[in-house]
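Protein chains in written order, with our numbering: chain X, 546 to 775; chain C, 3 to 179. Ideal Cβ placement from N, Cα and C applies to all residues, glycine included.
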Amino acid sequence: MSFRPIPPGVFPPMDLPSYGSTHKRHPDQAPVRIPHTLTETSAPRFTSSAYPEHLDMSRHNGREAMGERIIIAGRVTDEDGRPQPGVMLEVWQANAAGRYQLDRDQHDAPLDPNFSGQARVFTDADGNWSITTIRPGAYPWRNHHNAWRPVHVHFGLHGAGFAQRLVTQMYFPGDPLLALDPIYQGVPEGARERLVAKFDLDVTRPEYALGYRFDMVLRGRLATPMENPA
Amino acid sequence: MITASQTSGPFWHLIDFPEWADLLRAGGPNDGVAGSRITLTGTVTDGDGAVCPDAMIEIWQAGPDGAYEAGFHGFGRCATDAQGRFRFATLKPGPVPGPGNSLQAPHITLAIFARGLMHHLTTRAYFAGEALNETDPILALVPEGRRGTLIAREASPGHWNLDIRLQGDHETVFLDI
Ligand SMILES: [Fe+2]
């Protein structure tokens, strides 16, 4: 079954003048709308046996990463509210100092040998997932003078159809950098606020870690196959 | 309301597992599956013609029998190198059922992620010389003059190449799926 078209007013535009890297990378031509075929309605079958879970970024090789330990939990549903089981989430982020565990990140902040910055988790039968990590730091990114990314965690989702593939970012409540960030501000108002996690005392574990909730919504299925391109 | 997309960049390499570019890797999900072995390569360039050395390409394809995930795990991921090039080793997919009773020509779907792409781009690689290309229901939706941007060329036996131009002259046709 086909997926619903992406509704207007949710995704950021490909051409975002305030984000320099889009200038020469956004297509000039409109994409060609196609009906969904088996290619778009099916998706790779990921399993935790072939793609092992890694649920805790707060420790690496048995040692604790530096920083504020946090738990992030959420639920993946589709736009009809149906829980999405078996979704593979890939998670990646900077360390507490705002530095990625990569050669190409040259930000002058310390690396943490006990922080890998990557996790993988599958949603359960009710679409729920949870990981433990440390709160990442903000980092500079040279897009404009004195440009700093708000504190964020990257998420990649593999759903039940290739058309559901989603890569997004989670932000933290109350971050003053959100108002200044072209990538976050590029998402239309009303949709962007949903990228901000909520502090959640029910996710918080006593004497252990603060908890945040981040729910994500994937495209839903159309009731009938989409026969003609709209 | 669905969750908004955000760029994967600039540090998506934390989820780069180079072995995923080889769908036929020893000990991998397709180890021993029979079919026609091919490599799919390409160079990603921007509107200035400059190469994109920090892109991530994902592929999704049917197996040699034209079925998805029935004996062949058709998923791969590859980082572009310093020259903007990607390279996958895989099996040539078979024709895939299309809308109604139609048949789609063999094709590999590509999703392109990178710094500066607010959401990923989707395109397809078809194979030059394939008779079914003439009747493929998706290719038929693409203006004839731009169709070539979706047709991989056989550079040498079994080595297919399709370059991705994000913007400007001969811009790749991207698909709104
Ligand atoms: Fe980041």
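DSSP on residue i, reduced to helix/strand/coil?
| i | result |
| --- | --- |
| X/H690 | coil |
| C/N135 | helix |
| C/R126 | strand |
| C/P15 | Sequence inspection shows His at residue 15 of chain C; the Pro mentioned does not correspond to that position. C/H15: helix per DSSP, three-state reduction. |
| X/E738 | helix |
| C/R149 | helix |
| C/E60 | strand |
| C/T68 | What sits at residue 68 of chain C in the sequence shown is Gly, not Thr. Of the three classes helix, strand and coil, the one that applies to C/G68 here is coil, per DSSP. |
| C/T9 | coil |
| X/G756 | strand |
| C/A154 | strand |
| X/T567 | helix |
| C/L42 | strand |
| X/A775 | With a pLDDT of only 41 at X/A775, under the threshold of 50, the placement of this residue in the model should not be trusted, and no figure is reported. |
| C/L177 | strand |
| C/A81 | strand |
| C/L26 | coil |
| C/L168 | coil |
| X/L763 | strand |
| X/G554 | coil |
Counting only the same chain and skipping the five closest in sequence on each side, list residues whose C-beta sits under 7 Å from that of residue i.
| i | result |
| --- | --- |
| C/I4 | none |
| X/P557 | G731 and V732 |
| X/P751 | none |
| X/H605 | N659, F660 and S661 |
| X/Y645 | A639 and G662 |
| C/G170 | G49 |
| C/G160 | R39, I40 and T41 |
| X/M546 | T586, R766, L767 and P770 |
List, in chain order, every chain X residue whose beta-carbon is nearer than 8 Å to that of residue i.
| i | result |
| --- | --- |
| C/F176 | P572, Q574, P576 and V577 |
Residues in the same chain with beta-carbon distance under 6 Å from residue i, minus the five sequence neighbours each way, listed in chain order, please.
| i | result |
| --- | --- |
| X/L702 | V632, L634 and L711 |
| C/H121 | S7 |
| C/M58 | W14, A81 and F115 |
| X/D726 | P695 |
| C/L25 | N32, G78 and T92 |
| X/N640 | D657 and F660 |
| X/F610 | Checking the sequence shown, residue 610 of chain X turns out to be Ala, not Phe. Contacts found: S603, D657, N659, F660 and I679. |
Excluding the 5 residues preceding and the 5 following residue i in the sequence, name in chain order all residues of the same chain whose CB lies nearer than 8 Å to its CB.
| i | result |
| --- | --- |
| X/L763 | V621, T622, D623, E624, Q629, V632, L702, G704, Q709 and L711 |
Given that residue i touches chain C, what residues does it touch there, using C-beta distances under 9 Å?
| i | result |
| --- | --- |
| X/K569 | D48, G49, D50, A52, G118, L168, Q169 and G170 |
Along chain X, which residues have their Cβ under 9 Å away from the Cβ of residue i?
| i | result |
| --- | --- |
| C/E146 | Ordered by position in chain X, no residue passes the 9 Å Cβ test against C/E146, which lies about 12 Å from the chain. |
| C/E1 | Summary: the structure shown does not reach residue 1 of chain C, with chain C confined to residues 3 through 179, and so no result is reported for it. |
| C/Q106 | T582, L583 and T584 |
Listing by chain order, which chain C residues have their CB less than 7 Å from the CB of residue i?
| i | result |
| --- | --- |
| X/R764 | I4 |
| X/P580 | P101 |
| X/Y645 | F13 and L16 |
| X/P558 | M120 |
What residues of chain X sit near residue i, judged by a beta carbon separation below 7 Å?
| i | result |
| --- | --- |
| C/Y70 | L583 and S587 |
| C/F77 | P589 |
| C/P31 | A595 |
| C/W162 | By Cβ distance, chain X contributes nothing, its closest Cβ being about 18 Å from C/W162, past 7 Å. |
Open item on the list: Counting only Cβ-Cβ distances shorter than 9 Å, please list the residues of the region 590-616 of chain X near chain C, keeping chain order.
Closed with: R590, F591 and A595
Task: Start-end ranges of the beta strand (DSSP E) lying completely within the region 573-643 of chain X, minimum 3 residues - done: 614-623 and 633-637
TODO: Below 7 Å between beta carbons is the criterion; list the residues of the region 705-738 of chain X that meet it against any residue of chain C, in chain order.
DONE: F707, A708, R710, L711, V712, T713, Q714, I728, G731, V732, A736 and R737
Task: Interface positions of the region 651-681 of chain X facing chain C (Cβ-Cβ less than 7 Å), listed along the chain - done: G662 and Q663
Open item on the list: List, from N- to C-terminal side, the beta strand (DSSP E) runs of 3 residues or more that fit wholly inside the region 85-115 of chain C.
Closed with: 87-93
- [ ] Within the region 656-736 of chain X, note down every full alpha helix (DSSP H) run reaching 4 residues or more, in order along the chain.
- [x] 727-730
- [ ] Could you run through the region 738-754 of chain X and flag, in chain order, every residue whose CB is less than 9 Å away from some CB of chain C?
- [x] R739 and L740
Task: Proximal residues, the region 80-95 of chain C versus chain X, C-beta separation under 9 Å - done: none
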